[in-house]
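Visitor:
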Amino acid sequence: MPKVDVDHSTSIEPISVRKVSKWKMLKRDKWLFLLLLPGLIWFLVFKYVPMWGALIAFKDYSPYLGFWASDWVGFTHFERLFQNPDFYRILKNTLILAFYETIFVFPAPIILALMLNEIRFTKYKRIIQTVIYIPNFMSWVIVASLSYVFLTTSGGAVNVIIESLTGQTFNFLSSPEWFRSMIIGQQIWKDAGFGTIIFLAALSGVSSEQYEAAIVDGAGRFRRMWHVTLPAIRNVIVILLILRMGNFLDQGFQQIYLMTNSLNRSVADVFDVYIYFSGITQGAFSHSTAVGLFKGVVGIILILSTRYIAKRLNQETLF
Amino acid sequence: MVVKSHNTPLGRVFDVFNYIILAIIALAMIVPFFYVIAGSFSTESELARRAFFIIPETFSLNAYKYIFSTPTFIRGIGVSVFVTIAGTLISLSLTLTMGYALSKSRLIGHKWYIYIVIFTIIFQGGMIPTYLLIRDLGLLNSLWALILPIAMNPMWLIIVISFFRNIPKELEESARIDGCTDLGVFWKIALPLSKPIIATFALFYAVQYWGDYFNALLYISDNSKYPVMLLLQNIMTMADTQFGEVDTLVEQPDESLKLAVIVVATVPIMLVYPFLQKHFAKGMMLGSVKG
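Residue numbers (UniProt numbering), protein chains in the order written: chain E, 1 to 319; chain P, 1 to 291.
Right under this line is the structure:
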């Protein structure tokens, strides 16, 4: 991603980059390094120390002994993990939800952007846009609270309407069969509107000549959408899909934890929720770190292979 | 778009549906808030009687009186406000300084710093190692635990870097001829040009800190340091918690309290949104076009 451009920073004394010694370059850029330092330290402490700390997945970590004194146990935790039937249930739950997210949540902003792009009445377009961004500013606690308020079987508006139409109520909040639809619905409600910004920004770069040319060629409405509009946002779609793949197994903990209860636990148990319960509440630090590491490694494999495929297809990738 | 060829009947039918469906979608995103606001100002009996309304028939401020006379809530709002303001300032300082430095590819090791940032997008240490780090730093039950672990977002940093990279070189050159150091160029040239992007990420970070309950759930066990979001979560999941730890004169309302807390937890960020919105739409464009 970073393009290396030759940058004549000190134009007062133009110096060819090759001749300057490293020490001189350090000295010349001392203020830049000063600007860099706090952020770099933050990354090392809060991102890289935990990566190092993830090595406790190969240790029998005990809070009393600490990181260094705990014994190395090799792959014991992973072996135990792969023999645990719970692991396969959690893996299955995670994969199903991740799959649904990719096919339902991911395309939602694209469809919204295409729909908005067909609106010619600009004021209407702007109002709709402004309104659909709003849920993105709500935290998951707010989204979950709204879900509790509207979906409860004891007087929630949604169930009252359903009951008046069909005569029965649906226990969305605590039945396993509704859990996934509810999670997917919440995600679309919260994030789809905001996601459209990016696609609309990409679409604003499409010149009207392209559309006019397509009309001259006799392309109808939907053919124009297919041949002009969609290709214009293809790069953005691919980049976002690659990033999505990296988070494939990250079901947002914040959301799922809030919607989990003892009744829907059988389908709600995904990696992040499991890690929280076994690690933080039960103190099985090494075991839950092993689960996290497994998840992280799968994430890397997914993101790199998607990126590889995209490169093969001559797509621009992010990095 | 200038093009007009809505001549086919199919196209016209599509248009009608398109307008209607978008209107329904937009309503689905805004109407829940109308009910929550209306409900928070109505009485318990009305809430029990009517499942949905936008204009309350009764009026009561009990829920708000209760919130603003209960120390737990007042403290919670204070915690959230502090974390949001301090966190946003810290995040912006870190992101802007590092982003500016990394926009200069002449820096020794530039490529490596970029790799260091990008790698954290594709791999993280995970929840437990981060928890252990915060514990070992002695930050459990400290408000800094609500700020430091999420002080920077690597994706947003990348956007800031590509923004700074597009600042015309001539501007910086001329400042340097006037005797500015890199620090001076950053402060006098780059920052004033970055208002849209600063507004955008101020909003993003503020939303992140205000809405976060995950870090509070992990790192804060002392309930006098709970932010609003964690209090709201407790109210919603434990139906009959009593929050009046100290004698309050107001009796605890039930349904309307839930709705009023949602309002209290929503309104501050909604107040910031229009204030920053005009910059924000521009900032998003600048960032996203470059990817």
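Note that beta-carbon positions come from the ideal geometry of N, C-alpha and C, so glycine has one too. Please read these numbers as outputs of a predicted model, since none were measured by experiment.
Listed from N- to C-terminal order along the chain, which residues in the segment 273-292 of chain E have their beta-carbon within a distance smaller than 8 Å of any beta-carbon of chain P?
Guide: So the close ones are 275, 276, 279, 280, 285, 288, 289, 292.
Visitor: Where do the N-terminal and C-terminal ends of the alpha helix (DSSP H) with residue 117 (chain E) fall, by residue?
Guide: The residue given as residue 117 (chain E) occupies position 117 in the first sequence. 108-117 is the extent of the alpha helix (DSSP H) around residue 117 (chain E).
Visitor: Rounded to a whole number of angstroms, what is the C-alpha to C-alpha distance between residue 90 (chain P) and residue 139 (chain P)?
Guide: Numbered from its first residue, the second sequence carries residue 90 (chain P) at position 90. Numbered from its first residue, the second sequence carries residue 139 (chain P) at position 139. One C-alpha to the other measures close to 17 Å.
Visitor: Measuring only between beta-carbons, confirm whether residue 145 (chain E) sits less than 9 Å from chain P.
Guide: Counting from 1 along the first sequence, the entry for residue 145 (chain E) is found at position 145. True, the Cβ-Cβ gap to chain P drops below 9 Å.
Visitor: By the DSSP assignment, the alpha helix (DSSP H) with residue 51 (chain E) in it spans what residues?
Guide: Walking along the first sequence from the start, residue 51 (chain E) turns up at place 51. It spans 49-53 - the alpha helix (DSSP H) in which residue 51 (chain E) sits, taken as one unbroken run.
Visitor: Going by beta carbon distance, what residues of the same chain come within less than 8 Å of residue 94 (chain P), once the five residues before and after it are set aside?
Guide: For the purposes of this step, residue 94 (chain P) is taken as the residue at position 94 of the second sequence. Answer for residue 94 (chain P): 151, 152, listed in chain order.
Visitor: Are residue 161 (chain P) and residue 99 (chain P) touching if we call contact CB-CB under 9 Å?
Guide: Position 161 of the second sequence, counted from the start, is the residue given in the question as residue 161 (chain P). Position 99 of the second sequence, counted from the start, is the residue given in the question as residue 99 (chain P). Their beta carbons are under 9 Å apart, which means residue 161 (chain P) touches residue 99 (chain P) by this criterion.
Visitor: Just to confirm before moving on: does the CB-CB distance between residue 45 (chain E) and residue 133 (chain P) stay below 9 Å?
Guide: Indexing the first sequence from 1 puts residue 45 (chain E) at position 45. Indexing the second sequence from 1 puts residue 133 (chain P) at position 133. In contact: residue 45 (chain E) and residue 133 (chain P) (Cβ atoms closer than 9 Å).
Visitor: Does any heavy atom of the ligand NAD sit closer than 8 Å to the C-beta of residue 275 (chain E)?
Guide: Although the ligand NAD was asked about, the structure shown includes no ligands whatsoever.
Visitor: Tell me the rounded alpha-carbon separation between residue 187 (chain E) and residue 105 (chain E).
Guide: Along the first sequence, read from residue 1 onward, the residue named residue 187 (chain E) stands at position 187. Along the first sequence, read from residue 1 onward, the residue named residue 105 (chain E) stands at position 105. One C-alpha to the other measures close to 7 Å.
Visitor: In three-state terms, what does DSSP make of residue 217 (chain E)?
Guide: The count along the first sequence starts at 1 and reaches residue 217 (chain E) at position 217. Coil at residue 217 (chain E), not helix or strand.
Visitor: Can you check whether the C-beta of residue 312 (chain E) is within less than 9 Å of a C-beta belonging to chain P?
Guide: Residue numbering aside, residue 312 (chain E) sits at position 312 when the first sequence is read from its first letter. No, because no Cβ of chain P sits closer than 9 Å to the Cβ of residue 312 (chain E).
Visitor: In chain E, what lies closer than 9 Å to residue 258 (chain P) by C-beta?
Guide: Along the second sequence, one-based indexing puts residue 258 (chain P) at 258. Those within 9 Å of residue 258 (chain P) in chain E are 145, 148, 149.
Visitor: Helix, strand or coil, according to DSSP, for residue 309 (chain E) in the structure here?
Guide: The sequence position of residue 309 (chain E) within the first sequence is 309, counting from 1. Helix at residue 309 (chain E).
Visitor: Since residue 101 (chain P) meets chain A, which of its residues come closer than 8 Å, beta carbon to beta carbon?
Guide: The displayed structure is made up of protein chains E and P, and chain A is not among them.
Visitor: Runs of 4 residues minimum, wholly inside the segment 168-228 of chain P: which ones carry the alpha helix (DSSP H) assignment?
Guide: As far as the segment 168-228 of chain P is concerned, its whole alpha helix (DSSP H) runs of at least 4 residues are 169-177, 182-185, 195-211, 214-219.
Visitor: Run through chain P and tell me which residues come within less than 9 Å of residue 207 (chain E), C-beta to C-beta.
Guide: By 1-based counting over the first sequence, the position of residue 207 (chain E) is 207. Residues of chain P passing the Cβ test: none, with the nearest at roughly 10 Å.
Visitor: Based on Cα-Cα distance, which residue from E:298, E:202, E:55, E:118 lies nearest to residue 240 (chain E)?
Guide: One-based indexing of the first sequence puts residue 240 (chain E) at position 240. Looking at the Cα atoms, E:202 is the closest of the given residues.
Visitor: Do residue 107 (chain P) and residue 29 (chain E) have their C-beta atoms closer together than 9 Å?
Guide: Taking the first residue of the second sequence as 1, we reach residue 107 (chain P) at position 107. Taking the first residue of the first sequence as 1, we reach residue 29 (chain E) at position 29. Against a cut-off of 9 Å, the Cβ pair of residue 29 (chain E) and residue 107 (chain P) comes out as a contact.
Visitor: Below 7 Å between beta carbons is the criterion; list the residues of the segment 39-55 of chain E that meet it against any residue of chain P, in chain order.
Guide: Residues 39, 40, 42, 43, 46, 47, 49, 50, 51, 53, 54.
Visitor: Between the C-alpha atoms of residue 320 (chain E) and residue 60 (chain E), what's the straight-line distance to the nearest angstrom?
Guide: One cannot answer for residue 320 (chain E) here, as it falls past the ends of chain E, which runs 1 to 319.
Visitor: Which of the three DSSP states is assigned to residue 272 (chain E) in this structure?
Guide: Locating residue 272 (chain E) in the first sequence gives position 272, where the first residue counts as 1. Here residue 272 (chain E) sits in helix by DSSP.
Visitor: Using only CA atoms, which one of P:144, P:85, P:102, P:29 lies nearest to residue 135 (chain E)?
Guide: Counting from one through the first sequence, the residue named residue 135 (chain E) turns up at place 135. Of P:144, P:85, P:102, P:29, the residue nearest in Cα terms is P:29.
Visitor: On the CB-based measure, 16 or more other CB atoms within 10 Å of its CB, does residue 59 (chain P) come out buried or exposed?
Guide: If you number the second sequence from 1, residue 59 (chain P) lands on position 59. Looking at its Cβ environment, which holds fewer than 16 other Cβ atoms inside 10 Å, residue 59 (chain P) is exposed.
Visitor: Is DSSP giving residue 246 (chain P) helix, strand or coil here?
Guide: Along the second sequence, one-based indexing puts residue 246 (chain P) at 246. Any reading at residue 246 (chain P) needs caution, since the residue's pLDDT is 41, under 50, leaving its predicted position unreliable; the model's value is listed next. Residue 246 (chain P): coil per DSSP, three-state reduction.
Visitor: By a C-beta neighbour count over all protein chains shown, 10 Å radius and 16 as the cutoff for buried, is residue 176 (chain E) buried or exposed?
Guide: Taking the first residue of the first sequence as position 1, residue 176 (chain E) is located at position 176. Answer is exposed; the Cβ neighbour count stays below 16.
Visitor: Establish whether the CB of residue 240 (chain P) and some CB of chain E are separated by less than 9 Å.
Guide: In the second sequence, residue 240 (chain P) corresponds to position 240, counting from 1. Any answer about residue 240 (chain P) is weak, because its pLDDT of 42 lies below 50 and its placement is not dependable; what the coordinates show is given next. For residue 240 (chain P), the answer is no, since every Cβ of chain E falls outside 9 Å of its Cβ.
Visitor: What is the residue span of the alpha helix (DSSP H) that residue 38 (chain P) lies within?
Guide: Here the question's residue 38 (chain P) lines up with position 38 in the second sequence. Here the alpha helix (DSSP H) through residue 38 (chain P) covers 9-40.
Visitor: So residue 90 (chain E) and residue 270 (chain E) are in contact, right, with Cβ under 8 Å, and what is the actual spacing, rounded?
Guide: For the purposes of this step, residue 90 (chain E) is identified with residue 90 of the first sequence, where counting begins at 1. For the purposes of this step, residue 270 (chain E) is identified with residue 270 of the first sequence, where counting begins at 1. Sure, about 6 Å apart at Cβ, within 8 Å.
Visitor: Using 10 angstroms around the beta-carbon of residue 236 (chain P), count the other beta-carbons present and answer buried if the total reaches 16, otherwise exposed.
Guide: In the second sequence, the residue the question calls residue 236 (chain P) occupies position 236. Buried, by the Cβ-count rule.
Visitor: Would a check of beta-carbon distances place residue 9 (chain P) closer than 9 Å to chain E?
Guide: Taking the second sequence and counting its residues from 1, one reaches residue 9 (chain P) at position 9. No - not a single Cβ of chain E is within 9 Å of the one on residue 9 (chain P).
Visitor: Taking all protein chains shown into account, do 16 or more other C-beta atoms lie within 10 angstroms of the C-beta of residue 165 (chain P), making it buried, or fewer, making it exposed?
Guide: The residue you call residue 165 (chain P) lines up with position 165 of the second sequence. Residue 165 (chain P) should be labelled buried.
Visitor: I need the DSSP call for residue 59 (chain E), collapsed to helix, strand or coil.
Guide: Numbered from 1 along the first sequence, position 59 holds the residue referred to as residue 59 (chain E). If DSSP states are grouped into helix, strand and coil, residue 59 (chain E) belongs with the strands.
Visitor: What would DSSP say about residue 71 (chain E), mapped onto helix, strand or coil?
Guide: The residue given as residue 71 (chain E) occupies position 71 in the first sequence. It is a strand residue.
Visitor: Would you mind telling me which residues of chain P sit closer than 9 Å to residue 259 (chain E), beta carbon to beta carbon, in chain order?
Guide: As a first step, residue 259 (chain E) must be located in the first sequence, where it is residue number 259. The premise fails here: residue 259 (chain E) is roughly 10 Å from chain P at the closest Cβ pair, so nothing lies under 9 Å.
Visitor: Where does residue 258 (chain E) fall in DSSP's three states?
Guide: In the first sequence, counting from the first residue as 1, residue 258 (chain E) sits at position 258. In this structure, residue 258 (chain E) counts as helix in the three-state DSSP scheme.
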